Amino acid sequence: MTRGLLTDKVAVVTGGGGGIGGAIARRLAAEGAKVVFNEIDQSLLDATVSDIEAAGGVVTAVRGDIRLPEAVDALADAAMAVANGRVDILVNNVGDYRPAGRFLKTSRERWTASYAMNLEHVFACTRAIAPAMVSQGSGSIVNVSTVEAFRGIPANAVYSAFNAGVNAFTRSLAVELGRDGVRVNAIAPDLMDTLQTPVEAMLSGRDPSLVRQWVPLGRFGRPEDCADVVVFLCSELSSFVTGHVIPVDGGTTAASGWYQRADGKGWTNLPTAP
Ligand SMILES: NC(=O)c1ccc[n+]([C@@H]2O[C@H](COP(=O)([O-])OP(=O)(O)OC[C@H]3O[C@@H](n4cnc5c(N)ncnc54)[C@H](O)[C@@H]3O)[C@@H](O)[C@H]2O)c1
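For what it's worth, numbering that gives the first Met the number 0 labels the leading residue of the sequence shown as 0, then goes sequentially.
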C-alpha cells in the first residue's frame, strides 16, 4: 500500500539490491522518495532499478562495496546531486549474519572483517550524509540491526557485539542530533526470508508448519515487514520517535525462549520435551 508519505524526499539506502535493503529501496520509492542506493551486486542493482522505474519511481544506483571509503564517497556524491545537497533519509542496511562458528575458534582477521561488514560503514555513511541533514535542520536515519543484539546467540558472538554497537550508536547519535532536527532509530529484524537467510535454509528440511510453534505470529518475516517499519520511521508518522531500536520479529523477542507445544496444548520453554 502506498500513501505518498515520502513525496520528493531524498532517501539513501545501502545494500538496496536484495533482501531487506531491496524491499526498503522499492518501498521508499513507492512512497514518493527519490531513492539513491548502493549495491555490490550488479544483477541485484539492475533488478531494483528496473522495478522502481517500472512502478514510476525515481532512482539512482551506485555500484560499490560499502566497506570501502570510495564507495561511501560515491554514494554521498550521488545523493547530494539529486536535490542540491538535500538528503532526508539514510538507511544503513548492509550487514552479514552468517555464523562465524564458536568464538574460541575465531581469529582477529574475522573480527576485523565483521567490524567492516556490520558497524564501520554505519559510522562512515552517517558521517558522510548526516551533515547535510544537520544543515537543513531535518532528517531521519534508520540503522538495520538485529534481535541478536538483545539476546545471546551461540556461534555469532562478534556479530551480536557489533550490532549492539549499532544500537548504542543509534541511541547516542539520537541524543546528539535531536536539537538539529535529525532523528535516529533502528530496526531489529528476526527470521526474515532473504537471500542471506532463505526460508529453505532456516527450515533445513524440517516441516514448514513448525514455524507456528516457533514464532508467536506464526510465520517467517518478509523483507516488506521491515520496509513498512522503515517508512514509519522515515515519515512524519514518527516525528516524536528517536533513539529507539524496534524489533521486527513476529514476537520472538517477547517470547524469549518460549515455544508453542507440538500438540498445540499450551507453551513450553523446553522445546525437546514431549
Ligand atoms: N535476514 C534476517 O533474518 C536478518 C535478521 C536480523 C538482521 N538482519 C540484518 O538485515 C540486514 C540485511 O540483511 P538481509 O538478510 O537482507 O541480507 P541479504 O544478503 O539478503 O541482502 C543484503 C544486500 O546487501 C548487498 N550487499 C552485501 N554486502 C555489501 C557490501 N559490502 N556493499 C554493498 N552492498 C552489499 C547484497 O548484495 C544484498 O543486495 C543486515 O544488516 C542483517 O544483519 C537480517
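Using N, Cα and C, we set each Cβ at its ideal position, and we do this for glycine too.
These numbers come from a predicted model, not from an experiment.
- Taking a 10 Å sphere around the C-beta of Phe239, we find fewer than 16 other C-beta atoms and assign the residue as exposed.
- Distances from the alpha-carbon of Asp72 to those of Gln135, Thr125, Ser137 and Met132 put Thr125 closest.
- Counting along the chain, the unbroken alpha helix (DSSP H) around Ile23 starts and ends at Gly18 to Ala29.
- From the listed residues Ala32, Val58, Gly249 and Lys8, the smallest Cα separation to Gly16 is found for Val58.
- Bounds of the alpha helix (DSSP H) holding Glu52 are Gln41 to Ala53.
- Contact between the stretch 98-113 and the stretch 190-209 is absent, with fewer than three C-beta pairs closer than 8 Å.
- Taking Ile51 as reference, the option from Trp213, Lys104, Leu27 and Tyr258 with the minimal CA-CA separation is Leu27.
- Relative to ligand 1, Arg26 has its C-beta separated by 8 Å or more from all heavy atoms.
- Inter-residue distance for Leu269 and Trp257 is about 8 Å (C-alpha atoms, whole angstroms).
- Exclusion of Ile88 from the 8 Å shell around ligand 1 follows from its C-beta lying no nearer than that to any non-hydrogen atom of the ligand.
- Asp227 has its alpha-carbon roughly 21 Å from the corresponding atom of Val121.
- Under DSSP, the beta-bridge partners assigned to Asn91 are Asn142.
- Nearest neighbour of Ile245 by Cα position, chosen from Ala154, Ser255 and Phe231, turns out to be Phe231.
- The C-alpha of Arg218 lies about 20 Å from the C-alpha of Tyr96.
- Within the stretch 110-185, the runs of alpha helix (DSSP H) that reach at least 4 residues and sit entirely inside it are, in chain order, 120-135 and 156-176.
- Residue state for Val9 is assigned as strand, using DSSP reduced to three classes.
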